[in-house]
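Comments concern the structure below.
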Amino acid sequence: MSDYLVIVESPAKAKTIERYLGKKYTVKASMGHVRDLPKSQMGVDVEDEFKPKYITIRGKGDVLKDLRKAAKKAKKIYLAADPDREGEAIAWHLAHILNVDENSQCRVVFNEITKDAIKESFKHPRSIDTDLVDAQQARRILDRLVGYNISPLLWKKVKKGLSAGRVQSVAVKMIIDREKEIENFNPEEYWSIEGEFQKDNETFEGAFYGLKGKKQHLKTEDDVKNIIKQIEGPDFSIDKVNKRERKRNPAQPFITSSLQQEAARKLNFRARKTMMVAQQLYEGIDLGKKAGGITGLITYMRTDSTRISDTAKEEARGYIEEKYGKDYLGNHKPGKKKEGAQDAHEAIRPTSAMRDPKSLKTILSRDQLRLYKLIWERFLASQMASAVLDTMTVHLINNDIEFRATGSKVKFKGFMKVYIEGTDDNKKEEDKFLPDLKEGMTVQSKEIIPNQHFTQPPPRYTEARLVRTMEELGIGRPSTFAPTLDTIQRRGYVSIDNKRFIPTELGVIVIDLVQEFFPEIIDVAFTARMEGDLDSVEEGTTQWIRVIDEFYQDFNKRLEKAELEMEKVEIRDEPAGIDCEECGHEMVYKMGRYGKFLACSNFPDCRNTKPILKEIGVKCPKCKEGNVVERKSKKQRKFFGCDQFPDCDFISWDKPISRPCPKCESLLVEKKSKKDTQILCTSCEYKEIAQE
Numbered sequence: 008m009s010d011y012l013v014i015v016e017s018p019a020k021a022k023t024i025e026r027y028l029g030k031k032y033t034v035k036a037s038m039g040h041v042r043d044l045p046k047s048q049m050g051v052d053v054e055d056e057f058k059p060k061y062i063t064i065r066g067k068g069d070v071l072k073d074l075r076k077a078a079k080k081a082k083k084i085y086l087a088a089d090p091d092r093e094g095e096a097i098a099w100h101l102a103h104i105l106n107v108d109e110n111s112q113c114r115v116v117f118n119e120i121t122k123d124a125i126k127e128s129f130k131h132p133r134s135i136d137t138d139l140v141d142a143q144q145a146r147r148i149l150d151r152l153v154g155y156n157i158s159p160l161l162w163k164k165v166k167k168g169l170s171a172g173r174v175q176s177v178a179v180k181m182i183i184d185r186e187k188e189i190e191n192f193n194p195e196e197y198w199s200i201e202g203e204f205q206k207d208n209e210t211f212e213g214a215f216y217g218l219k220g221k222k223q224h225l226k227t228e229d230d231v232k233n234i235i236k237q238i239e240g241p242d243f244s245i246d247k248v249n250k251r252e253r254k255r256n257p258a259q260p261f262i263t264s265s266l267q268q269e270a271a272r273k274l275n276f277r278a279r280k281t282m283m284v285a286q287q288l289y290e291g292i293d294l295g296k297k298a299g300g301i302t303g304l305i306t307y308m309r310t311d312s313t314r315i316s317d318t319a320k321e322e323a324r325g326y327i328e329e330k331y332g333k334d335y336l337g338n339h340k341p342g343k344k345k346e347g348a349q350d351a352h353e354a355i356r357p358t359s360a361m362r363d364p365k366s367l368k369t370i371l372s373r374d375q376l377r378l379y380k381l382i383w384e385r386f387l388a389s390q391m392a393s394a395v396l397d398t399m400t401v402h403l404i405n406n407d408i409e410f411r412a413t414g415s416k417v418k419f420k421g422f423m424k425v426y427i428e429g430t431d432d433n434k435k436e437e438d439k440f441l442p443d444l445k446e447g448m449t450v451q452s453k454e455i456i457p458n459q460h461f462t463q464p465p466p467r468y469t470e471a472r473l474v475r476t477m478e479e480l481g482i483g484r485p486s487t488f489a490p491t492l493d494t495i496q497r498r499g500y501v502s503i504d505n506k507r508f509i510p511t512e513l514g515v516i517v518i519d520l521v522q523e524f525f526p527e528i529i530d531v532a533f534t535a536r537m538e539g540d541l542d543s544v545e546e547g548t549t550q551w552i553r554v555i556d557e558f559y560q561d562f563n564k565r566l567e568k569a570e571l572e573m574e575k576v577e578i579r580d581e582p583a584g585i586d587c588e589e590c591g592h593e594m595v596y597k598m599g600r601y602g603k604f605l606a607c608s609n610f611p612d613c614r615n616t617k618p619i620l621k622e623i624g625v626k627c628p629k630c631k632e633g634n635v636v637e638r639k640s641k642k643q644r645k646f647f648g649c650d651q652f653p654d655c656d657f658i659s660w661d662k663p664i665s666r667p668c669p670k671c672e673s674l675l676v677e678k679k680s681k682k683d684t685q686i687l688c689t690s691c692e693y694k695e696i697a698q699e
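In this note's numbering, the protein residues as written are 8 to 699.
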């Protein structure tokens, strides 16, 4: 019989921790939450201070039976769920079920699953933090009050299967608002003038700046013609050369939101996938007996803090000095604590800086290795010296017309030797060299090129951009971003095209109704303030019942009004103009979870359905009769196939183009990368860069 029982959330974690603690400890997994509000009813008594009704989650009976049996044999029980609100709530529910005194020293938390961290955490057990539990409970009850009151209303007035939630509704509203901005955008014309200059045998580029030292904007072609007319000959004199040294500091270590954003940019991971792979790295990977067996490779991945422990800093600095030398050691001040950040535990970092990604190449899966490498590099770079860049700006004058040429080169790489933060526009950091130019010199213009431009609408949200915006506005918390994005897609309120969110017709209908009758639910400021109130509950400065009561009083009045005044929305089927090939009745456009589709109007007697196919103007290269159309896989991934399927099984993940290969006459396809779009032949080695 073991003296101590330790309960964690997952079996993988249980196995690792049991090995670290030794024979006196039995470690078991609760498999996440064991109690929750019932799915079949509200489960919240609004008449009795919003008292929740908790029941055992279906399927957890055997797990609880096993835990109770082990609890009876143990002298002491430790509850070691994750170090956040959800983990604290799981520990609290387990304490109630297993008759553990929540005020006793029963709660153990750790930020990383390593031998030293685990052993140290068991030296400092504490009681269950009821403020954390109350904050989780308040969020759960708030979401239940919103979801279980508005959703049935939407079922009655629109269609079954719909839902509305606090954070998800705001996210959909943001996507819809962005789409409206794009639709209402009026592009404005503007021009630029580029110049190619030569000094001896070296060429460089410059751009028009202004007239007589004053910046000038070129709005029309006439403005450009007027400037070019004033240029007298090819000679430009160098009026001024500004040289300066610029420092660039490394990015802070990852928090949850920045990890999701960077993994989207650099690895093409969706937020949900990032968190799933990070969970695997946190809970432990078997490194083999010699390397210590199952070991947690990163610290806890749900955090809004950039704080790093002194031990981790010193280890990283030791690695940097040994690998790159003393010059590469940084001395940066800790980043400011972000307003509203809980700062409960450290940033996301490797559990050991000495464990570099190369040493794990044969152990980790491809996705695990790529994410670990990203986390390791970002952490190491955060402890390295700033990069130093030499910048140079040259003022070129011809008859009071001023062009400017800028150049920069990396003088000292610093942290850039290891890692450079990604950007949403995927621009690469490159040296831009200028010749050795000095004031008073004369250079010649080889070519003056006017370019017409138009202002662009704001871009649609990618997952990374939406997460960043939600974080900036204070909507949701680290643990909610990935589930929120997943929910709005599963509900069919948004679709994804070219990795960007587009609202569906269904999403617009639902949000319009919510906005009319429950405006506070989709109000960004209100949602952010509610998150602040929940943080106050966690800090022990606000009672959770008061937070819910203040929300519910007004919400309940709106609910009563909506029940009486919300009109039924009939989503009518639109005639498609084609007949069903199975029964001859007319086909119609219907609204489904992922947007519109074709269905027979003779339903339920005829159940023929078809996706709406988008032609791309290319004949099928296989059967020569059908047309290539855009399709979606079950996972909503875009691919291209023949419209004669199943008679023709042509399929391509890359978009075919209409002209044949100039070398072998085979099919050409577009292949997009972060750098450019290439045209590749499917049969020979021919390739070209697509013109934008």
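We put the beta carbon where it would ideally sit given N, CA and C, even for glycine.
Note that the coordinates shown come from a computational prediction; the quantities given were computed from them, not determined experimentally.
Proximal residues to residue i (C-beta, below 8 Å), its chain only, five neighbours per side dropped
{"i": "V576", "result": "K164, V165, I516 and L520"}
{"i": "R507", "result": "P466, R467, Y468 and T469"}
{"i": "N458", "result": "W198, S199, I200 and E201"}
{"i": "H460", "result": "E196, Y197, W198 and S199"}
Contacts around residue i, its chain only, beta-carbon distance under 7 Å, and the 5 residues preceding and following it disregarded
{"i": "S111", "result": "S134"}
{"i": "E93", "result": "Q143 and S486"}
{"i": "F211", "result": "F204, A412, L441 and P442"}
{"i": "A348", "result": "With a pLDDT of 48 at A348, under the threshold of 50, the predicted position of this residue should be treated as unreliable, and no value is reported."}
{"i": "I555", "result": "F57, A145, I148 and L149"}
Buried versus exposed, by CB contacts within 10 Å (16 or more), residue i
{"i": "H100", "result": "buried"}
{"i": "C590", "result": "exposed"}
{"i": "D350", "result": "Caution applies to D350, whose pLDDT of 48 falls short of 50 and renders its modelled position unreliable; the value that the coordinates give is listed next. D350 is exposed by the Cβ-count criterion."}
{"i": "D683", "result": "exposed"}
{"i": "G213", "result": "buried"}
{"i": "E699", "result": "Residue confidence for E699 is low, a pLDDT of 48 falling below 50, so the modelled location carries little weight and cannot support an answer."}
{"i": "C607", "result": "buried"}
{"i": "C691", "result": "exposed"}
Simplified DSSP assignment, three categories, for residue i
{"i": "K20", "result": "helix"}
{"i": "L687", "result": "strand"}
{"i": "F461", "result": "strand"}
{"i": "D586", "result": "strand"}
{"i": "Y289", "result": "helix"}
{"i": "E196", "result": "strand"}
{"i": "E446", "result": "coil"}
{"i": "I456", "result": "strand"}
{"i": "T491", "result": "helix"}
{"i": "R216", "result": "The sequence given here places Tyr at residue 216; Arg does not occur at that position. Y216: strand per DSSP, three-state reduction."}
{"i": "R133", "result": "strand"}
{"i": "Q237", "result": "helix"}
{"i": "V417", "result": "strand"}
Beta carbon of residue i nearer than 8 Å to that of residue j
{"i": "L304", "j": "Y426", "result": "no"}
{"i": "K639", "j": "I619", "result": "no"}
{"i": "I495", "j": "V531", "result": "no"}
{"i": "L3", "j": "N156", "result": "The question about residue 3 has no answer, for the chain in this structure spans 8 to 699."}
{"i": "L71", "j": "R147", "result": "no"}
{"i": "T23", "j": "I262", "result": "no"}
{"i": "Y289", "j": "I120", "result": "yes"}
{"i": "T549", "j": "R173", "result": "no"}
{"i": "M308", "j": "L367", "result": "no"}
{"i": "Y11", "j": "A81", "result": "yes"}
{"i": "F243", "j": "I404", "result": "yes"}
{"i": "D586", "j": "Y596", "result": "no"}
Own chain partners of residue i with C-beta closer than 6 Å, once the 5 adjacent residues on each side are dropped
{"i": "A388", "result": "P257, F422, V425 and Y426"}
{"i": "Y693", "result": "C668 and K670"}
{"i": "F558", "result": "none"}
{"i": "L225", "result": "W198 and V231"}
Proximity to residue i [Cα-Cα], best of the options
{"i": "R65", "options": "K46, A489, K80 and Y32", "result": "K46"}
{"i": "K167", "options": "S680, M598 and K72", "result": "M598"}
{"i": "S2", "options": "L74, P442, R536 and I182", "result": "Residue 2 is absent from the structure shown; the chain starts at 8 and stops at 699."}
{"i": "S170", "options": "T491, A606 and A102", "result": "T491"}
{"i": "I97", "options": "E195, A77, H40 and L149", "result": "H40"}
{"i": "G50", "options": "D69, D150, E538 and K30", "result": "D150"}
{"i": "I125", "options": "E56, I664, G291 and K273", "result": "G291"}
{"i": "K232", "options": "V544, I408 and V636", "result": "I408"}
{"i": "P364", "options": "M38, F410, L376 and E25", "result": "L376"}
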